[in-house]
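For the sequence shown, the numbering used here begins at 10 and goes up steadily by one. All C-beta atoms in this analysis are idealised placements derived from N, C-alpha and C, irrespective of residue type, glycine included. Notes follow once the structure below has been shown.
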Amino acid sequence: MGILGIDPGTLKMGYGVIGDGPNPHADDYGVISLPRKMPLEQRLYQLHTHILNLIAIFHPTAVAVEQPFMGKGERSFPGSALAIGQAQAVVFIGAASQGIPIFKYSPAQVKSAVADYGAASKEQMRQIVAATLGLKEVPDSDASDALAVGLCHIIQEQADAAVGR
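Encoded structure:
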């Protein structure tokens, strides 16, 4: 039981499983990498299969997904936003098919919750995630983003419980 955090993408999808308990810990994390030359429909199918496998192995109680952020350079490539949306849809379908609730967080929400600073850099976030979860190595940015969104969900749940929501 735990939280499955996802940083969606059609070429690289980060995932992180954070175990329940008083001290959050990473049960597993990594990046699902797929070849650029693989047709999109095949990549989406592979991502769907990986998501279902993670759900079958870890039995998460919730799936937390980072919402897409389109920076200045990415706005020039509207196909990027579409691809991220398609990857998100694969995650949503996988979780929904197993009756697992889905929670969505913006990058600013994740940074504010995990780093107490909504404009933390990628490197700062990687270091904070590794320290918070007691990891021996700092994960790559996609896995770190997935772990961070999972941590964000745990922090949000704790805050909601504290105020009686």
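Which residue from the options puts its Cα closest to that of residue i?
i    : options                  : result
K24  : A92, E166, A157 and D169 : In the sequence on display, residue 24 carries Tyr and not Lys. Looking at the Cα atoms, A157 is the closest of the given residues.
G18  : G88, Q97 and H68         : Q97
K145 : P31, A35, T58 and V172   : A35
D16  : Y126, T58 and P116       : P116
S106 : P33, I64, D37 and A124   : I64
R135 : G103, M10 and D154       : D154
D37  : L142, Y126 and I109      : L142
A104 : Y126, P31 and H68        : H68
L20  : G88, L56, P33 and L43    : L43
Q165 : P77, Y114, I109 and G108 : Y114
I41  : A129, G88 and M22        : M22
Exposed or buried, what is residue i when buried is set at 16 or more other beta-carbons lying within 10 Å of its beta-carbon?
i    : result
R45  : exposed
A140 : exposed
S85  : Note that S85 scores 49 on pLDDT, short of 50, meaning its location in the model is unreliable; the coordinates nonetheless yield the value given after this. Counting Cβ neighbours within 10 Å, S85 comes out exposed, since fewer than 16 surround it.
E75  : buried
V172 : exposed
G14  : buried
Y126 : exposed
A152 : buried
A129 : buried
In whole angstroms, what is the alpha-carbon distance linking residue i and residue j?
i    : j    : result
V72  : I163 : 11 Å
S121 : A168 : 13 Å
I12  : N62  : 14 Å
V123 : T70  : 20 Å
H53  : G39  : According to the sequence provided, residue 53 is Leu. The question's His does not apply to it. Computed Cα separation, rounded: 17 Å.
S150 : E132 : 8 Å
Q118 : I137 : 15 Å
P31  : Q55  : 34 Å
G108 : M10  : 14 Å
P33  : V147 : 16 Å
P77  : G88  : 13 Å
Check the C-beta distance from residue i over to residue j and give it rounded, since I have them as a contact under 8 Å.
i    : j    : result
I60  : V100 : 6 Å
I111 : H57  : 15 Å between Cβ atoms; not a contact.
Can residue i be considered in contact with the ligand ATP, in the sense that its beta carbon sits closer than 6 Å to one or more heavy atoms?
i   : result
Q51 : The ligand ATP is absent from the structure shown, which contains no ligands of any kind.
Closer than 8 Å is the cut-off here; do at least three beta carbon pairs connect the stretch 156-170 with the stretch 19-33?
yes
Could you tell me whether the stretch 90-102 touches the stretch 38-57, using the rule of 3 or more Cβ pairs below 8 Å?
yes
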